[in-house]
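Student:
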Amino acid sequence: MLKHYSHDGSTEIVCNKTDNSTKFILYLGGDAYSVPAILISDGEVQKLYYLHRDYLGSIVMLTDEDGNIAERRHFDPWGQPIKVEDGAGKVLQGLTLLDRGFTGHEHLQTVGLIHMNGRLYDPALHRFLMPDNFVQDPFNTQNFNRYGYCLNNPLIYVDENGEFWHIVIGALVGGVVNLVANINNSQGFWEHLAAFGVGALGGAVTAAVGGSDGGASFLAITGTAAGMGALTMGTNSIIAQTGPNFSGMNNVNWGAVGKSSLVGGASGFASGAVGVWATNSGMLVNGINSPVLRSLAASPLASGAGHVVGGTTYNLLEGQSLGNAFSNSFNGIGQSIAMGTMLGVTTTIVNSYAHKVNPWVIRSKPQSIDYDFTPDPYGENLTLYRGTTGSETDNSRFLFMTDNPEYARTYITNGGSLIKVTIPHYTLYKMRFNGDVIYYNGTHNTTIPNTEYRFSPRVKPLIIKNIKD
Numbered sequence: 005m006l007k008h009y010s011h012d013g014s015t016e017i018v019c020n021k022t023d024n025s026t027k028f029i030l031y032l033g034g035d036a037y038s039v040p041a042i043l044i045s046d047g048e049v050q051k052l053y054y055l056h057r058d059y060l061g062s063i064v065m066l067t068d069e070d071g072n073i074a075e076r077r078h079f080d081p082w083g084q085p086i087k088v089e090d091g092a093g094k095v096l097q098g099l100t101l102l103d104r105g106f107t108g109h110e111h112l113q114t115v116g117l118i119h120m121n122g123r124l125y126d127p128a129l130h131r132f133l134m135p136d137n138f139v140q141d142p143f144n145t146q147n148f149n150r151y152g153y154c155l156n157n158p159l160i161y162v163d164e165n166g167e168f169w170h171i172v173i174g175a176l177v178g179g180v181v182n183l184v185a186n187i188n189n190s191q192g193f194w195e196h197l198a199a200f201g202v203g204a205l206g207g208a209v210t211a212a213v214g215g216s217d218g219g220a221s222f223l224a225i226t227g228t229a230a231g232m233g234a235l236t237m238g239t240n241s242i243i244a245q246t247g248p249n250f251s252g253m254n255n256v257n258w259g260a261v262g263k264s265s266l267v268g269g270a271s272g273f274a275s276g277a278v279g280v281w282a283t284n285s286g287m288l289v290n291g292i293n294s295p296v297l298r299s300l301a302a303s304p305l306a307s308g309a310g311h312v313v314g315g316t317t318y319n320l321l322e323g324q325s326l327g328n329a330f331s332n333s334f335n336g337i338g339q340s341i342a343m344g345t346m347l348g349v350t351t352t353i354v355n356s357y358a359h360k361v362n363p364w365v366i367r368s369k370p371q372s373i374d375y376d377f378t379p380d381p382y383g384e385n386l387t388l389y390r391g392t393t394g395s396e397t398d399n400s401r402f403l404f405m406t407d408n409p410e411y412a413r414t415y416i417t418n419g420g421s422l423i424k425v426t427i428p429h430y431t432l433y434k435m436r437f438n439g440d441v442i443y444y445n446g447t448h449n450t451t452i453p454n455t456e457y458r459f460s461p462r463v464k465p466l467i468i469k470n471i472k473d
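Count along the sequence shown starting at 1, add 4, and that's the number in the numbering used here.
1) My assumption, with CB atoms under 8 Å, is that residue 131 sits in contact with residue 36. Please give the rounded CB distance.
2) What is the residue span of the alpha helix (DSSP H) that residue 149 lies within?
3) State the CB to CB distance for the pair residue 474 and residue 63, rounded to an integer number of angstroms; the pair is presumed to be in contact (CB under 8 Å).
4) So the candidates are 272, 327, 326; which of them puts its Cα closest to the Cα of residue 305?
5) Report, in whole angstroms, the separation of the C-beta atoms of residue 407 and residue 386, which I expect to be a contact under 8 Å.
6) From what residue to what residue does the alpha helix (DSSP H) around residue 155 run?
7) Can you find at least 3 beta carbon pairs, one from the segment 11 to 20 and one from the segment 392 to 406, that sit closer than 8 Å?
8) Please report the straight-line C-alpha distance between residue 214 and residue 412, rounded to a whole angstrom.
9) Closest to residue 49 by C-alpha separation, out of 25, 39, 56, 55, would be which residue?
10) Decide if residue 312 is buried, meaning its Cβ has at least 16 other Cβ atoms within 10 Å, or exposed.
11) DSSP three-state call for residue 368: helix, strand or coil?
12) Any idea if residue 158 is buried or exposed, counting beta-carbon neighbours within 10 angstroms, 16 or more meaning buried?
13) Specify, as a first and last residue, the run of the alpha helix (DSSP H) that residue 76 falls within.
14) What span of residues does the alpha helix (DSSP H) with residue 295 cover, start to end?
15) What residues match up with residue 422 in a beta bridge as DSSP calls it?
16) Whose C-alpha, out of 34, 40, 45, 9, is nearest the C-alpha of residue 380?
17) Would you mind stating whether residue 391 and residue 416 have Cβ atoms separated by less than 8 Å?
18) Could you pull the start and end residues of the alpha helix (DSSP H) that residue 94 belongs to?
19) Taking the alpha-carbon of residue 115 as reference, which of 434, 350, 122, 133 has the nearest alpha-carbon?
20) Compare the beta carbon distance of residue 2 and residue 43 with 8 Å and say whether it is the shorter of the two.
21) Residue 341: buried (16+ other C-beta within 10 angstroms of its C-beta) or exposed?
22) So, are the CB atoms of residue 97 and residue 128 less than 8 Å apart?
23) Could you tell me which residues DSSP puts in a beta bridge with residue 474?
24) Would you identify the three-state DSSP class for residue 413, choosing helix, strand or coil?
25) Could you compute how far the alpha carbon of residue 443 sits from the alpha carbon of residue 146?
26) Please classify residue 8 as buried or exposed, where buried requires at least 16 other C-beta atoms within 10 Å of its C-beta.
27) Taking the alpha carbon of residue 384 as the reference point, which residue from 431, 315, 419 has its own alpha carbon closest?
28) Shortest alpha-carbon distance to residue 318 belongs to which of 302, 180, 335?
29) To the nearest whole angstrom, what separates the beta carbons of residue 345 and residue 307, a pair I think is in contact under 8 Å?
30) Tell me whether residue 21 sits in a helix, a strand or coil according to DSSP, three-state version.
31) Taking 7 Å as the cut-off, does the CB of residue 90 come closer than this to any heavy atom belonging to the ligand FAD?
32) So the candidates are 113, 298, 463; which of them puts its Cα closest to the Cα of residue 100?
33) Can you list, in chain order, the residues of its chain with a C-beta nearer than 8 Å to that of residue 321? Leave out the 5 residues immediately preceding and following it.
34) If we count the other Cβ atoms within 10 Å of its Cβ and call it buried at 16 or more, is residue 454 buried or exposed?
35) What number of angstroms, rounded off, separates the C-alpha of residue 108 from the C-alpha of residue 434?
36) With a cut-off of 8 Å on the beta carbons, I'd call residue 329 and residue 316 a contact; round off their distance for me.
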C-alpha cells in the first residue's frame, strides 16, 4: 500500500500494489480533521460521503449523499476500534471506506497503530511508541510519562500532533484568572490553590476545544463555555462553603450551589455566543487577518456580555426587578473585561500555534483558489447557463447561473446573449463546502423548472474565464 498526500492535506491518493487499484480521496472544504464531507473516486466512479464526528473529532459514521448510513464505527476511550458495520448492520473487518477514525487520525490497520503525525500511537497499550521530548508541565507528574497519551485522560483531551502544550498553557491562564476573581473570597494557601485548580480545568478544556477564533463550531464553543461556567461557579460555591478539603459537605447549601451554577452557565453561554459572533462578524473584524487582533476586538465584547448576562441572572434570582437586575449587573464589569480579554487573547495565541497558524500576521497573501474546471472524462459534469446582463465584469457582485438554458434566456438584457460553462461535479462539491456556491429553486420565472446557482464574488472571475459562448 502506497499513499500520497497533497501539501494542504485536501487530497490523498492510495495505491494498492496487490490489485493495482488506485483510490482518490478529496476532503471537501479543508483537511481530514475538519471537513464535513469527502469525495472518493477510483478513477471511474466517484461517491460523496458526509462525515459525522463525536466531540473528540472521531469519525463515527459516514453517510452517502442521500443520507443513508454507509459505515458506522465504535471506538473505545483509547481509540481502539470495537465494532465497524455497514448501513445494513453487517460487521466489517476494520475501517473500510476511510482509514481515518479516532480523533480524525489515520489507522494503520495492518499493524494496529494510529499515526498521530508527530508520533505513532498504540491504542491497545494506550501508549506512544516514541517518547515526547518536551516536558510541558513539570508540576504534573503525568508529564514525566513520556509515552503516555493525553495525561492518561482521553475523554477530555485530544492529541493532534503528539504534543498538547497549548492545553497546559490554557490551564495556567484559566487558573490565574479564577484565582484573581476569587482572591477576596478565599483564605490561605489551600483555598487559593483550589480556586486555581478549578480555573485550570476550565482553561484546559477551553484550550482543547479551541477559542472562538479557532474554527470550532458554534455549539461546541457555546456548549463548552456554558458547561465550564456552570462547573466553575458551582465548584467555587462549594469551596467557599466547605474549604478546599470539602469538609462539612453535609452542611452545603445546594440551593446556593445550583444558583451559582445557573449564573455561571448563563454567563458562559452568553460569552461564547457573543465571542463566536464577534470573531466572525464582517462588521467588527472585516479585513483583520491577525487572530490576536481579532481576539482583542472580540474578547472585551464576549467577556462583557458574559458579565452582564450572569449578573442579571443572579440579580433576578435574588428577587430584583428586571430593570434593576440589568442596571446593577454592570457593577465590576471592568475587571471581568480585563480578565476575559487576557484569557481570550492567550487562548487564541496558544491555539494558533497548536494549529500551525501565525497569530501575529496582520496582512496575509490572498488565499489561492484551487478549483479544477477540466471536464471529467467520465461525464460527471454539469453545464450551467447564463443570460448576460452586462454585470458579468463586476467582480464585487454575485454571479447567477442555471441548469436550464430556457430559464437563463429570461435574464437576458441590454442586447445580451446565452453563455455556458461546464463544471465537474467534484469541483461544485468543493465550492459548495467552501461557501463559494449555493443552489436553490429559481424564482425569476416560476413557470420554468430549474435550479439556480449563486457563485461568490471570489470565484466569479474563474467562472467567467471558463465560460463558452
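Glycine included, each C-beta is placed from N, C-alpha and C at the ideal position.
Tutor: Let's see:
1) No, residue 131 and residue 36 are not in contact; Cβ-Cβ is about 23 Å, not under 8 Å.
2) Where residue 149 is concerned, there is no enclosing alpha helix (DSSP H), given that its DSSP letter is neither H nor E.
3) Summary: the structure shown does not reach residue 474, with the chain confined to residues 5 through 473, and so no result is reported for it.
4) For the options 272, 327, 326, the alpha carbon positioned closest to that of residue 305 is the one of 272.
5) Rounded, the Cβ-Cβ distance is 7 Å, consistent with contact.
6) Neither: residue 155 is in no alpha helix (DSSP H) and is coded neither H nor E.
7) Taking a cut-off of 8 Å for Cβ pairs, the segment 11 to 20 and the segment 392 to 406 do not touch, as fewer than three such pairs fall below it.
8) The pLDDT assigned to residue 214 is 47, lower than 50, so where the model puts this residue is not dependable; a value taken from the coordinates is nonetheless given after this. The straight-line gap from Cα to Cα measures roughly 45 Å.
9) Residue 25 is the option with its Cα nearest to residue 49.
10) With 16 or more Cβ atoms within 10 Å of its Cβ, residue 312 is classed as buried.
11) Note that residue 368 scores 42 on pLDDT, short of 50, meaning its location in the model is unreliable; the coordinates nonetheless yield the value given after this. In this structure, residue 368 counts as coil in the three-state DSSP scheme.
12) Classification for residue 158: buried.
13) Residue range 73 to 79 is occupied by the beta strand (DSSP E) that includes residue 76, with no alpha helix (DSSP H) assigned at that position.
14) Start and end: 295 to 321.
15) The partner list for residue 422 (beta bridge, DSSP) reads 391.
16) If we check each option's Cα against that of residue 380, 45 comes out closest.
17) Their beta carbons are under 8 Å apart, which means residue 391 touches residue 416 by this criterion.
18) Counting along the chain, residue 94 falls outside any alpha helix (DSSP H), and DSSP gives it neither H nor E.
19) Closest in alpha carbon position to residue 115, among 434, 350, 122, 133, is 133.
20) Residue 2 is absent from the model: the chain starts at 5 and stops at 473.
21) Result: buried.
22) No, the Cβ-Cβ distance between residue 97 and residue 128 is not below 8 Å.
23) Any property of residue 474 remains undetermined from this structure, which presents the chain solely from 5 to 473.
24) If DSSP states are grouped into helix, strand and coil, residue 413 belongs with the helices.
25) Distance between the alpha carbons of residue 443 and residue 146 is about 51 Å.
26) Here residue 8 is exposed: its Cβ has fewer than 16 other Cβ atoms, across all protein chains shown, within 10 Å.
27) Nearest to residue 384 by C-alpha distance, out of 431, 315, 419, is 431.
28) Comparing Cα positions, the closest option is 335.
29) Indeed they touch by this definition, with Cβ atoms about 6 Å apart.
30) Note: residue 21 maps to coil in three-state DSSP.
31) In the structure on display, the ligand FAD does not appear, and there are no ligands present to speak of.
32) Each of 113, 298, 463 was checked against the Cα of residue 100, and the nearest Cα belongs to 113.
33) Taken in chain order, the residues that qualify are 263, 266, 267.
34) If you draw a 10 Å sphere on the C-beta of residue 454, you find 16 or more other C-beta atoms in it, and that means buried.
35) Cα-Cα distance, rounded: 20 Å.
36) About 5 Å separates the CB atoms of residue 329 and residue 316; that is less than 8 Å, so the two are in contact.
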